[in-house]
Amino acid sequence: MMSDEDWAESLRRGHWQGAVRPQSASPLSLEIHCGHAPNSAHCFMVVLDISERGERQRQYEELQRTVDRLASTQEQLLQSEKMASIGQLAAGVAHEINNPIGYVGSNLGTLQDYSTALLALVQKYHEAMFSEDPGARRDELLQARQRLDIDYIVGDLPNLLKESREGIERVTKIVQDLKDFSRVGRDQKMQPADLLQGLDSTLNIVWNDLKYKIRLEKHYGSLPPVECLASEINQVFLNLLLNAGQAIEQRGTIELASGCDDQEAWISITDSGCGIPPEALPHLFDPFFTTKPIGRGTGLGLAISYGIIAKHHGRIDVSSRVGQGSTFRVVLPIRQPRAEPPAPTV
Ligand SMILES: Nc1ncnc2c1ncn2[C@@H]1O[C@H](COP(=O)(O)OP(=O)(O)O)[C@@H](O)[C@H]1O
Ligand SMILES: [Mg+2]
Numbered sequence: 001m002m003s004d005e006d007w008a009e010s011l012r013r014g015h016w017q018g019a020v021r022p023q024s025a026s027p028l029s030l031e032i033h034c035g036h037a038p039n040s041a042h043c044f045m046v047v048l049d050i051s052e053r054g055e056r057q058r059q060y061e062e063l064q065r066t067v068d069r070l071a072s073t074q075e076q077l078l079q080s081e082k083m084a085s086i087g088q089l090a091a092g093v094a095h096e097i098n099n100p101i102g103y104v105g106s107n108l109g110t111l112q113d114y115s116t117a118l119l120a121l122v123q124k125y126h127e128a129m130f131s132e133d134p135g136a137r138r139d140e141l142l143q144a145r146q147r148l149d150i151d152y153i154v155g156d157l158p159n160l161l162k163e164s165r166e167g168i169e170r171v172t173k174i175v176q177d178l179k180d181f182s183r184v185g186r187d188q189k190m191q192p193a194d195l196l197q198g199l200d201s202t203l204n205i206v207w208n209d210l211k212y213k214i215r216l217e218k219h220y221g222s223l224p225p226v227e228c229l230a231s232e233i234n235q236v237f238l239n240l241l242l243n244a245g246q247a248i249e250q251r252g253t254i255e256l257a258s259g260c261d262d263q264e265a266w267i268s269i270t271d272s273g274c275g276i277p278p279e280a281l282p283h284l285f286d287p288f289f290t291t292k293p294i295g296r297g298t299g300l301g302l303a304i305s306y307g308i309i310a311k312h313h314g315r316i317d318v319s320s321r322v323g324q325g326s327t328f329r330v331v332l333p334i335r336q337p338r339a340e341p342p343a344p345t346v
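Under the UniProt record's numbering, read the sequence shown as residues 1 to 346, first letter to last.
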């Protein structure tokens, strides 16, 4: 096991330490301590079976790799759920954008006709003004004004411009709201944010899907800025709003409410939908738990929302009654707890 040189060294220096691997046995750690008395030399040896330590080290590294893999899988899931919900919304959003773009386009066509008529009239005024007897052209000008429908144009023009401007503002707003969702939360810093504004932007995105069957009620109590990753919290609102909408078959109500005390702020989303049976409640936040048909439900929305809210040191409370509806209440601390300051050194 040990070479002659190792023995000689342990005798010379009084100490030797090393690992040895006996043939067909597990590795051992050896420590030899030698001492000399006048008539004798004595030695003692500490033998440790390090195979188990090696095994534990290997298990630890394996576990570490699994944790790393899980962290990156979670990141991917978060992103893919975001993408899935965006995909689900894309059709609605396309419609929502198409509609204003459609009427802005048609308004532009009309405005082009109006400006042609107005320019033609301006041209006639110009010609009359520089003619020998401008007064004699008065009737002609009045007729041209009538023929070109100028009175109608003058009345309609401001409406067309106002409507077109609103259409463009609506598209701009939708695009801004969508931008919030295309970012992954990584590397962002928690910052004080207006939760109600986030909820309203999110609502704006899903509203196209909901507006035909939902009556919306808002009971917002004012909230202070809440320290959070706004884009991730919006992702939670999106999941809860989509679930609320999907829980309502025909027609129903979604009620949004908010409130706070000096520590916490809360937002609740209540639907008058199908409700959740008591036996499903403990599983709601399990990844892949879904009662929806394939293609409609991934079972990831609430699991991911739970993760996001837990990261913010908050919680999601659920209460529900089958046949009557459900309330999901997101509670967040207004300020994130700080890491413990290091103990003062004396
Ligand atoms: N507002 C709600 N009303 C009724 N059931 C709900 C509601 N929200 C969630 N659920 C139930 O929880 C399950 C999991 O929700 P979620 O994680 O968002 O996945 P998914 O919506 O893809 O099924 C849903 O399939 C549904 O059974
Ligand atoms: Mg869902």
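Ideal placement from N, C-alpha and C gives every residue a C-beta, glycine not left out.
Quiz prompt | LEU195: first and last residue of the uninterrupted alpha helix (DSSP H) it sits in | solution = 195-210
Quiz item: What's the C-alpha gap between ILE308 and LEU240?
Solution: 13 Å
Practice problem: Hey, could you find the ends of the beta strand (DSSP E) ALA244 is sitting in? | Solution: Element bounds for ALA244: not the beta strand (DSSP E) but the alpha helix (DSSP H), 230-247.
Quiz item: Can LEU28 and ASP49 be called in contact, C-beta distance under 7 Å?
Solution: yes
Practice problem: Tell me whether residue 424 counts as near ligand 1, meaning its Cβ is closer than 6 Å to at least one heavy atom of that ligand. | Solution: With the chain running from 1 to 346 in the structure shown, residue 424 is simply not present.
Exercise. Could you tell me whether the segment 192-209 touches the segment 121-129, using the rule of 3 or more Cβ pairs below 8 Å?
Key: no
Self-check item: Which listed residue (PRO134, ALA94, ASP151, LEU142) has its alpha carbon closest to that of TYR114
Solution: ASP151
Quiz item: Going by other Cβ atoms of all chains shown within 10 Å of its Cβ, with 16 needed for buried, is ALA244 buried or exposed?
Solution: buried
Quiz prompt | Nearest candidate by alpha-carbon position, reference GLN250, set GLY273, GLY109, ASP6 | solution = GLY273
Quiz item: Short check: CB of PRO224 to CB of GLY167, under 7 Å?
Solution: no
Self-check item: Close beta carbons around HIS283, own chain, < 8 Å, minus the five adjacent residues each side
Solution: PHE289
Self-check item: Residue burial classification, ASP286 (beta-carbon count within 10 angstroms, cutoff 16)
Solution: exposed
Exercise. Quick one: residues in its chain with C-beta nearer than 7 Å to the C-beta of ASN107, no 5 flanking neighbours on either side, listed in chain order?
Key: LEU160, GLU163, SER164
Quiz item: Would DSSP call GLY185 helix, strand or coil?
Solution: Confidence in GLY185 is poor, its pLDDT being 47 and thus under 50, which makes the residue's placement unreliable; the coordinate value appears in the next sentence. The answer is coil: DSSP assigns GLY185 none of H, G, I, E or B.
Exercise. State the beta-bridge partners of ILE269 as determined by DSSP.
Key: LEU256, PHE328
Self-check item: Neighbourhood of VAL302 by C-beta distance below 6 Å, restricted to the same chain and skipping five residues each side
Solution: The sequence given here places Leu at residue 302; Val does not occur at that position. If we look at LEU302 and ignore the five residues flanking it on each side, its Cβ neighbours are LEU284, PHE285.
Quiz prompt | Buried versus exposed, by CB contacts within 10 Å (16 or more), GLN324 | solution = exposed
Quiz item: Any idea what DSSP makes of LYS311, helix, strand or coil?
Solution: helix
Quiz item: Rounded to a whole number of angstroms, what is the C-alpha to C-alpha distance between GLU255 and HIS313?
Solution: 25 Å
Self-check item: Expected contact under 8 Å - CB spacing of SER26 and SER51 to nearest Å
Solution: 3 Å
Quiz prompt | Sheet register partners of ASP317 (DSSP bridge) | solution = ARG329
Self-check item: Opposing strand residues paired with LYS218 [DSSP bridges]
Solution: LEU256
Practice problem: Using only alpha-carbon positions, find the residue among ALA280, ASP271, ILE334, ARG321 that is nearest to GLN263. | Solution: ILE334
Practice problem: Identify the continuous alpha helix (DSSP H) that holds ALA8 and give its terminal residues. | Solution: 4-13
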